[in-house]
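K.L.:
Residue numbers (the working numbering): 8 to 265.
Even glycine gets a Cβ: it sits at the ideal position worked out from N, Cα and C.
Starting off with a structure, shown below.
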Amino acid sequence: MALGLRCFRLAHPAVCNSLAALARPVSDVTLKTVSGRQNDHRHPALPVRHFATKKAKAKGKGQPQTRVNINTTLVGDIINLEEVNEELKSVMEALKDNFNKTLNIRTSPGSLDHITVVTDDGKLALNQIGQISMKSPQLILVNMTNFPECTAAAIKAIRESGMNLNPEVEGTLIRVPIPKVTREHREMLVKLAKQSTNKAKDSLRKVRTSAMNKLKKSKDKASEDTIRLIEKQISQMADDTVAEVERHLAVKTKELLG
8 MALGLRCFRL AHPAVCNSLA ALARPVSDVT LKTVSGRQND HRHPALPVRH
58 FATKKAKAKG KGQPQTRVNI NTTLVGDIIN LEEVNEELKS VMEALKDNFN
108 KTLNIRTSPG SLDHITVVTD DGKLALNQIG QISMKSPQLI LVNMTNFPEC
158 TAAAIKAIRE SGMNLNPEVE GTLIRVPIPK VTREHREMLV KLAKQSTNKA
208 KDSLRKVRTS AMNKLKKSKD KASEDTIRLI EKQISQMADD TVAEVERHLA
258 VKTKELLG
């Protein structure tokens, strides 16, 4: 019995240490093991990459992205950002022009002025080859006496203008009945507005792609960080214009539906 107690006393510290190690959190054991290895030159520590958890990613999602504002003059030898901006603006202005001239609830003589007519002499505005007047609130007349040879082309252009117009011809006089403002007519105009908007977005994508391709050809003129910043600036400019296009569509849709 005395011999057994003596053996337990000798073994007691080792037993306590083992139990404490088992009770210690796994993370503590791991950290101490790694720390010990870092001090051992025979086992260099491997770099640890910290991955974001799903919770952290969800928290960061939807946060505003850092905006870039590059001085265009400083990167002029790499790419002309002002030129890219002008191309984006021209797409926006063309959409506004289309909205104002062709997508109106009330059709007026002025809305027919700039309909493009394809003639033997090239593309001409309708008001350049015909005299447009309002006969009554329900009828617009286009007199083609000065250019009778363009009458058929003018009729085709009016039909394909996207304004839901069905012209009738009497010699060189084109009669254009104004459609009634029905719910169906309003919804049709909204559909045309969306089609025009999608075309504008396609044009914006082409401008962005063209700018990125130009930038790729100039990668030897700047560092990778600079090229990345310019790429971000171009994408930012294009995204801003797309957002403006969508705002104009929302305003136009509200106007058309009443």
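Pairs of beta-carbons, one from the segment 120 to 131 and one from the segment 87 to 98, closer than 8 angstroms: are there three or more?
P.N.:
Contact fails: fewer than three Cβ-Cβ distances are below 8 angstroms.
K.L.:
Do Lys259 and Ala200 count as a contact pair if the criterion is CB distance below 8 angstroms?
P.N.:
Closer than 8 angstroms, so yes.
K.L.:
Please specify which runs of the alpha helix (DSSP H), each continuous and at least 4 residues long, are wholly inside the segment 190 to 236, giving them in chain order.
P.N.:
Those alpha helix (DSSP H) runs which fall completely within the segment 190 to 236 and span 4+ residues are 190 to 223.
K.L.:
Here's the rule I'm using: 16 or more other beta-carbon atoms within 10 Å means buried, otherwise exposed. How should Arg215 be labelled?
P.N.:
Buried.
K.L.:
Between Cys157 and Ile136, is the Cβ-Cβ spacing less than 8 angstroms?
P.N.:
Yes, the Cβ-Cβ distance between Cys157 and Ile136 is below 8 angstroms.
K.L.:
Can you tell me whether Ser118 is buried or exposed? The criterion is at least 16 other CB atoms within 10 Å of its CB, across all chains shown.
P.N.:
Ser118 should be labelled buried.
K.L.:
Under the three-state reduction of DSSP, which class applies to Gln243: helix, strand or coil?
P.N.:
The answer is helix: DSSP assigns Gln243 an H, G or I state.
K.L.:
Excluding sequence positions up to five away, which residues of its chain have a Cβ less than 7 angstroms from the Cβ of Ala105?
P.N.:
Just to set this straight, residue 105 is Asn in the shown sequence, not Ala. The answer, listed in chain order, is Ser203.
K.L.:
Helix, strand or coil for Glu100, going by three-state DSSP, please let me know.
P.N.:
Helix at Glu100.
K.L.:
Look at the Cβ atom of Pro116, then the Cβ atom of Ser140, and state whether they are nearer than 8 angstroms.
P.N.:
For Pro116 and Ser140, yes; Cβs fall inside 8 angstroms.
K.L.:
Give the secondary structure of Glu7 by DSSP, where H, G and I count as helix, E and B as strand, and everything else as coil.
P.N.:
A query on residue 7 cannot be resolved here, the shown segment of the chain reaching from 8 to 265 and no further.
K.L.:
What does a CB cutoff of less than 6 angstroms around Met170 pick up in its chain, not counting 5 residues either side in sequence?
P.N.:
Counting only Cβ-Cβ distances below 6 angstroms, and skipping sequence neighbours, we find Thr109.
K.L.:
From the DSSP output, in three-state form, read off Ala52 for me.
P.N.:
Its pLDDT being 37, under 50, Ala52 is placed unreliably by the model, and nothing is read from it.
K.L.:
Closer than 8 angstroms is the cut-off here; do at least three beta carbon pairs connect the segment 182 to 192 with the segment 222 to 242?
P.N.:
The segment 182 to 192 vs the segment 222 to 242: no contact.
K.L.:
Please tell me whether Glu253 has its Cβ less than 8 angstroms away from any Cβ of chain C.
P.N.:
Looking for chain C here will not work: only one protein chain is present.
K.L.:
Give the single residue among Glu89, Asp84, Met99, Asn220 whose Cα lies nearest to the Cα of His255.
P.N.:
Nearest C-alpha to His255: Met99.
K.L.:
Between Ile147, Leu222, Asp209, Pro155, which has its C-alpha nearest Thr114's C-alpha?
P.N.:
Of Ile147, Leu222, Asp209, Pro155, the residue nearest in Cα terms is Ile147.
K.L.:
Hey, out of Thr233, Arg166, Gly129, whose CA is closest to Asn76's CA?
P.N.:
Measuring from the Cα of Asn76, the nearest candidate turns out to be Thr233.
K.L.:
What first and last residue would you give for the beta strand (DSSP E) that runs through Pro184?
P.N.:
Segment 180 to 184, the beta strand (DSSP E) holding Pro184.
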